[in-house]
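Visitor: Sharing a structure, written as structure tokens. Questions coming.
Protein chains: 2
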Amino acid sequence: MKSVSIHCTGCGQKFEANQAAFRCSVCNEPLELVIEGVNEGKIKEGNILTQTIWERYADFLPFFHKEYEVSLGEGFTPLTNLKKLSESIGIGDLYIKNESQNPTWSFKDRGTAYGVMHAKKLGYKKIGTVSTGNMATSVAAYGAAANMETFVLVSKDISQEKINPIAIYNPHLIKVEGNYGDLYFESLEIGKDKDIYFINSDAPMRVEGSKTIAYEICEQLSFQMPDYVIVPTSSGGNIRGIEKGFREFKACGLINHVPKIICAQALGCSPIYKAFKDGNDTIARVDNPHTIAHAIENPYPPSGNQVLRTLRSNGGKATAVSDEEIIKAQALMAEQGIFGQPASAVPLAAIIKLKTEGILKGNEKIVCIVTGSGLKYTAALDMQKLDSTECRLEELRDFISSNY
Amino acid sequence: MKSVSIHCTGCGQKFEANQAAFRCSVCNEPLELVIEGVNEGKIKEGNILTQTIWERYADFLPFFHKEYEVSLGEGFTPLTNLKKLSESIGIGDLYIKNESQNPTWSFKDRGTAYGVMHAKKLGYKKIGTVSTGNMATSVAAYGAAANMETFVLVSKDISQEKINPIAIYNPHLIKVEGNYGDLYFESLEIGKDKDIYFINSDAPMRVEGSKTIAYEICEQLSFQMPDYVIVPTSSGGNIRGIEKGFREFKACGLINHVPKIICAQALGCSPIYKAFKDGNDTIARVDNPHTIAHAIENPYPPSGNQVLRTLRSNGGKATAVSDEEIIKAQALMAEQGIFGQPASAVPLAAIIKLKTEGILKGNEKIVCIVTGSGLKYTAALDMQKLDSTECRLEELRDFISSNY
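Protein sequences, first through last, are from chains A and B. With my numbering applied, the first sequence corresponds to residues 1188 to 1591, in that order. With my numbering applied, the second sequence corresponds to residues 1188 to 1591, in that order.
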């Protein structure tokens, strides 16, 4: 029998699990679910065409009740081995976990679905989030699917191009003028006051949703673990979930060891990388964040300190890459058939950098998390040097003959 | 033991299966694979996390050899029941088969993958396609994944915005000036001459790939067939594949009956609908096609006549909806959490129209094929009346209190 409690990741304070709790009332660090009995969990084998990830992994989740389930078919995303690329970089094996094949084309759908289910279970009629990108789209979609009143808070300067794919789901979309970092904390206060369940970036139930990425990787690799899993990191919620998933499967005896986790950031906004490199226990706010990888441009990640603790206990590391390296990696990955948004190219850029630096030796088996679709932010393609040629139909045959 | 041959869908002429054949040399109608022994086929049960659709459905395919497999994780897409929407429209059950969760975010990936495998099997080093949208992206991606020289022929007036997500995969991208309809036929000639396997819209192996959509629907509905399956229709390759898949599963005894197939077009470009309505055996070219649903804006569908024959033998029908109806349906579907490109909203618009006309009675079980992601063509969102509100962070709490 499972027993579930919520612990502060910073001071260890325990909280009641059957409530919407997000941050420690003592030290303000993020909270995490602790599931006693998870080590006896079993994967519920079944036909994935008729099963949800929540049914399959129910034993490992803090709760699962079919009556609260809200699913658009999130998860069960492919893991693709890029043989040619791993050879050309000079590493053992390179796998892409392609989270762009989710219902709103990013990894966020896993955590959103699970957060919505928790909100429903607790009797909430309203949900919300603070985001300008993948998470806003995801929460708007799942709020619509769950028929819940949905608040999406975005910063005031967001472009109409970015607003449209959120607004189409018809949430209450509010542009908020003011410090965007403060908005995260203010939303949690407003949520308490107004009975709105804010499924923000590192909400404990979002982390629980993200851990299913690790479960799937284990199954897809027949429980033969990679050396490294590289995660583009912004708030820290996803990387925490992935590490937790591996840790739980190890506790169950399903895998022998937890892969080392690499936190990959963009140099233009890399508070976790900086603190890790400098040996600090806490992150410092980045003053003027600037990177093409908008999806991970968070100057003060709310789970930043916990990511530092996680990396150190896991034996993992942090790294950061330039926009130029990101753009190159995005094109390189597309040349293998996988087109991710700039943030999703950060892990591949990190591999290339770590190999050049000699930190990777050449025989490693590595999984990169591709967090979202390249269609999410096509303006970034203007930085690629993309070209095409032209000819007239009558001349096409000769044109092909003489040019290729 | 399977025995495979290729038949002309028009005159019945037989062709050798072990070659790249696309159209009948006698009557110029499209070709179709006939697989003797498919009625003894069995689904290869397995863990979908480690299985491809080609492995699972190998018994039903003209060929499958693991050494030629090229997969990015296509297929195994969700089927989602939209209960609230079926109630509000007044039909029995409404399901969405969400093909936007494919590697390049459209249904095209199934047929492209299978076409590439066939090209590899036949020893081709070069593949190509004629398309400006979903198929161009898909063929560019799979050509990259297969490490094959890839020719993507597009029309000269395509915008850079549409070029970029194709070009990122780095194919030979050629803008061709001239009649776009003629380009389809010319490409097949050039292909013969230059050893380029053109996986165009209704290539026989693309149709074989598309039929896996039907197989999955059967599994997802536990082999309890819907009354109708509605397919947005352009060239006719996808709808042909879907009908063939159901027909083959019926031949195997896996299902009791083949659902009626509805060909859904946009009124601004509806050659199949027009011919069906007028009782004609052949389609006529549409002179000035114009619709927001670009993905199905084909004025002279190369499989148009065969779609007419298929609809008549199947007992299905054709319908067409206006751009206004499409835009409304796109928003309505997003309000249930599923955001498709305009062409993908055509089936839902068709249901609403057919219900209003009394052709649907109200207890029908219907599957709509959502062919591609709403992110494919976000410019269409400018036609939606999407709005948002604004406030300052300090006022957010009061703003929410007084407005919601």
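Here a beta-carbon is modelled for each residue, glycine too, at the ideal position from N, C-alpha and C. In this text the structure is predicted, and so the values were computed from the model without any measurement.
(1) Can you round the beta-carbon distance between B:S1575 and A:L1360 to whole angstroms, since I take them to be within the 8 Å contact cut?
(2) DSSP has B:P1217 in a bridge; who is on the other side?
(3) Quick one, which of B:A1536, B:E1364, B:N1289 has its alpha-carbon nearest B:T1558's?
(4) Go ahead and pull the three-state DSSP assignment for B:G1315.
(5) Is the CB-CB distance between B:G1368 and B:V1394 below 8 Å?
(6) Curious, which full-length beta strand (DSSP E) runs of at least 3 residues does the stretch 1224 to 1281 of chain A contain?
(7) Cβ of B:I1556 within 8 Å of Cβ of B:P1534?
(8) Taking the alpha-carbon positions, what's the A:H1265 to A:R1427 distance?
(9) Taking three-plus beta-carbon pairs below 8 Å as touching, is the stretch 1475 to 1489 of chain B in contact with the stretch 1450 to 1457 of chain B?
(10) Is A:N1289 helix, strand or coil by DSSP?
(11) Could you work out which residues of chain A lie near B:S1275, taking near to mean beta carbons separated by less than 8 Å?
(12) For a contact defined as C-beta to C-beta under 9 Å, what are the partners of A:R1584 on chain B?
(13) Taking 8 Å as the cut-off, does the stretch 1397 to 1405 of chain A touch the stretch 1434 to 1447 of chain A (at least 3 CB pairs, one atom from each stretch)?
(14) Please report whether the beta-carbon of B:N1387 lies at a distance below 8 Å from any beta-carbon of chain A.
(15) Could you tell me if B:Q1407 is buried or exposed, where buried requires 16 or more neighbouring beta carbons within 10 angstroms of its beta carbon?
(16) Would you verify that the beta carbon of B:F1433 is, or is not, closer than 8 Å to some beta carbon of chain A?
(17) In chain B, which residues lie less than 9 Å from A:N1357 when you measure between Cβ atoms?
(18) Counting only beta-carbon atoms, is B:I1350 nearer than 8 Å to chain A?
(19) Evaluate contact between the stretch 1433 to 1440 of chain A and the stretch 1263 to 1277 of chain A, counting only Cβ atoms and requiring at least three cross-stretch pairs below 8 Å.
(20) Is there a Cβ from chain A that is less than 8 Å from the Cβ of B:R1210?
(21) Compute the distance between the beta-carbons of A:E1581 and B:G1315, then report whether it is under 8 Å.
(22) Does B:I1361 come within less than 8 Å of chain A when only Cβ atoms are used?
(23) Identify which residue in B:R1499, B:Y1301, B:L1519, B:I1429 has its Cα closest to the Cα of B:H1252.
(24) Ordered along the chain, which non-local residues of its own chain (more than five positions away) have a Cβ less than 7 Å from that of B:E1256?
(25) Tell me which residues of the stretch 1320 to 1342 of chain A have at least one Cβ-Cβ distance to chain B shorter than 9 Å, keeping chain order.
(26) Spatial neighbours of A:S1422 within its chain, please: CB distance less than 6 Å, with the 5 preceding and 5 following residues excluded, ordered by chain position.
(27) If you follow the beta strand (DSSP E) that A:C1405 is in, where does it begin and where does it stop?
(28) Mind pulling the chain B residues with CB within less than 8 Å of A:E1581?
(29) Cβ closer than 7 Å: which chain A residues qualify as neighbours of B:D1369?
(30) Under 8 Å Cβ to Cβ from A:N1357, same chain only, skipping five residues before and after it: list those, please.
(31) Mark B:Q1347 as exposed unless 16 or more other C-beta atoms lie within 10 angstroms of its C-beta, in which case mark it buried.
(32) Can you tell me whether A:K1343 is helix, strand or coil according to DSSP?
(33) Reducing DSSP to helix, strand and coil, say where A:L1360 ends up.
(34) Under the three-state reduction of DSSP, which class applies to B:F1294: helix, strand or coil?
(35) Excluding the 5 residues flanking A:L1309 on each side, which residues of the same chain have their C-beta closer than 8 Å to its C-beta?
(36) For A:T1497, report the span of its alpha helix (DSSP H) as first-last.
Guide: Let's see:
(1) Rounded to whole angstroms, the Cβ separation of B:S1575 and A:L1360 is 4 Å, and the two are in contact under 8 Å.
(2) B:R1210
(3) B:N1289
(4) strand
(5) no
(6) 1266 to 1268
(7) The Cβ atoms of B:I1556 and B:P1534 lie closer than 8 Å to each other.
(8) His is not the amino acid found at residue 1265 of chain A; the sequence shown has Pro there. Whole-angstrom Cα-Cα distance: 21 Å.
(9) yes
(10) coil
(11) By Cβ distance, chain A contributes nothing, its closest Cβ being about 11 Å from B:S1275, past 8 Å.
(12) E1373, E1376, I1377, D1380, K1381
(13) yes
(14) No, because no Cβ of chain A sits closer than 8 Å to the Cβ of B:N1387.
(15) buried
(16) no
(17) A1518, A1521, E1522, L1573
(18) yes
(19) no
(20) no
(21) no
(22) For B:I1361, at least one C-beta of chain A is nearer than 8 Å to its own C-beta.
(23) B:Y1301
(24) T1239, W1241, M1304
(25) T1324, A1327, A1328, Y1329, G1330, A1331, A1332, A1333, N1334, E1336, F1338, V1339, L1340, V1341
(26) S1388, D1389, N1485, P1488, P1489, S1490
(27) That residue, A:C1405, is in no beta strand (DSSP E); its alpha helix (DSSP H) goes 1391 to 1407.
(28) G1365
(29) L1580
(30) A1327, A1331, listed in sequence order.
(31) exposed
(32) Coil at A:K1343, not helix or strand.
(33) strand
(34) coil
(35) N1205, Q1206, A1207, Y1384
(36) 1491 to 1501
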